[in-house]
Amino acid sequence: MTTVPPAASFDPASATIAVVTFNRSSLLTRLLESIVAMDPKPGHVVIIDNASTDDTAEVVESFRPRVGTEIVYRRMETNTGGSGGFSEGMRVAYEIGSEWIWLMDDDVEVIEDGLAKMGAWAPRFKSIQGRRYDYDGSEFYWQYRVAEPLGIPIPFAPAAFDASGYKPMNSGCFEGMFIHRDIVAKIGLPDPRFFIYWDDQTYGWLASRETESVIVDEFVLRRTREIRQWDMGVRHMNASSDAYRYYIMRNRAYIKQYYRALGVHRPLPFAVGTALTFGKELIRLALVERTVRGTSNLFRGLRDGRRIARDRTWRPMPPLLDPAR
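Residue numbering for the sequence shown follows full-length UniProt numbering, starting at 1 and increasing by one per position.
Encoded structure:
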């Protein structure tokens, strides 16, 4: 039986849901509908619109009288990617004084009592990841452990939970990360330079260096977008895109820079991790997307990553001052 700590010190109004969206107003509508049905509700909902050209702004306005909590809407001038959107969403949530920040994409919906479930763990931990259902209602497996020397997730980390109801993690996923402002103050905002990919893993890894980070056995989100994938039982491999393939390889350089800055970079194991990442993308092309086209984007990402890795002026995201303190 899962052991859940008491929720006495958690105030739902102290939490903010921060959502990043881009040209997917129909998915955003489903997410906002689920927030309307939430009980309890967060104190704020921050929506970062990555310069959408559809009716996203109108959809947001239509929910203001219905959602039951304050909506803060920010439209970016350009598409800053998921990384830039989550960085801005975290910044806004932090500056309005949120104690807890719950990050999510627009292609999920919140389980009605999801915030209560996350809040039950808030007195004990400050970096928490809940579980989510996949599009078809199955349990989504997320790779919550990183092999630090390699800088890649461990695909065979155990899926089962014991009676404690949680497992230590050293990664993160912006589709459901629940993080306390104290940790945000220490590690700074998510790094917008990633644009997409590896940004949430890196941010979760940074958080785990400051606090005990956990994934808890609580289903709090449901994915609402179907993604083509190769089913491997408990685990699966999703289809990708040329943009993802490029950033998967390019952004290895940003992980390397963070590792160097924090004194954990080991060149040979990290190079092995990069080679394994490249090989995984070849497998994804062959078995999920049934093509060999797209490899040029992997090589282009490696090339541009080398320039980033040679930049000796590069610095990590800085810690934040905390005006609420």
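Glycine included, each C-beta is placed from N, C-alpha and C at the ideal position.
Minimum C-alpha distance to residue i - residue among the options
i: Thr16; options: Val36, Asp304, Leu103, Asp49; result: Leu103
i: Thr313; options: Tyr254, Ile48, His265; result: Tyr254
i: Thr211; options: Asp200, Phe299, Val264, Lys186; result: Lys186
i: Tyr197; options: Ser240, Pro155, Ala51, Ile215; result: Ser240
i: Phe194; options: Arg222, Tyr247, Gly294; result: Tyr247
i: Pro40; options: Gly97, Met118, Thr53; result: Met118
i: Glu281; options: Ala163, Asn297, Glu109; result: Asn297
i: Pro318; options: Ala271, Glu226, Tyr258; result: Tyr258
i: Asn251; options: Asp113, Ser83, Glu112; result: Ser83
i: Arg30; options: Lys256, Ile215, Arg225; result: Arg225
i: Phe299; options: Ser14, Glu175, Thr277; result: Thr277
i: Gly43; options: Thr295, Glu99, Ser14; result: Ser14
Other residues of its chain near residue i: CB distance less than 8 Å, five sequence neighbours each side excluded
i: Met90; result: Ala18, Ile101, Leu103, Val184, Leu189, Pro190
i: Val36; result: Phe63, Arg66, Val67, Gly68
i: Leu28; result: Val19, Thr21, Ile47, Thr56, Val59, Val60, Asp106
i: Tyr244; result: Ile196, Tyr197
i: Tyr133; result: Glu139, Phe140, Phe219, Leu221, Arg222, Arg223
i: Met76; result: Ile48, Asp49, Asn50, Ala51, Gly84, Gly85, Glu88
Environment of residue i [buried if 16+ CB atoms lie within 10 Å]
i: Ala93; result: buried
i: Arg315; result: exposed
i: Arg181; result: buried
i: Ala261; result: exposed
i: Pro12; result: buried
i: Ser9; result: exposed
i: Phe178; result: buried
i: Pro155; result: exposed
i: Ile283; result: exposed
i: Leu268; result: exposed
i: Phe270; result: buried
i: residue 326; result: Because the chain spans 1 through 325 in this model, residue 326 falls outside it and cannot be assessed.
i: Ser26; result: exposed
i: Gly114; result: buried
Contact set for residue i: own chain, Cβ-Cβ below 6 Å, skip 5 residues either direction
i: Thr2; result: Below a pLDDT of 50, predicted positions are generally treated as unreliable, and Thr2, at 49, falls in that range; the measurement from the model is reported next regardless. Excluding residues within five positions, the ones whose Cβ falls inside 6 Å are Gly165, Asp217.
i: Val234; result: Caution applies to Val234, whose pLDDT of 49 falls short of 50 and renders its modelled position unreliable; the model cannot decide the point.
i: Gly85; result: Val20, Ile48, Asn50
i: Ile71; result: Val45, Arg64
i: Gly301; result: Tyr246, Met249, Arg250
i: Ser213; result: Ser127, Met169, Ala207
i: Ser87; result: Leu189, Pro190, Pro192
i: Ala309; result: Ala253, Lys256
i: Ala286; result: none
Beta-carbon contacts of residue i that lie in its chain and below 7 Å, excluding the five residues immediately before and after
i: Arg266; result: Pro149
i: Ala157; result: Gln143, Tyr144, Arg145
Would you list, in sequence order, the uninterrupted alpha helix (DSSP H) runs of no fewer than 4 residues that lie entirely inside the region 166-193? You should have 181-187.
Segments assigned alpha helix (DSSP H), at least 4 residues, entirely inside the region 111-171: 114-119
Should the region 305-314 be called in touch with the region 285-293, which here means at least 3 C-beta pairs below 8 Å? Contact fails: fewer than three Cβ-Cβ distances are below 8 Å.
Would the region 126-146 and the region 165-174 be scored as touching if the rule is three or more Cβ pairs under 8 Å? Yes, the region 126-146 touches the region 165-174.
Counting Cβ pairs, one atom from each stretch, are 3 or more of them under 8 Å apart for the region 197-212 and the region 120-140? yes
At which residue ranges does the region 272-323 contain complete alpha helix (DSSP H) runs of 4 or more residues, listed in the order of the chain? 295-309
Hey, which unbroken runs of the beta strand (DSSP E) at 3 residues or more fall wholly within the region 14-58? 15-21, 44-49
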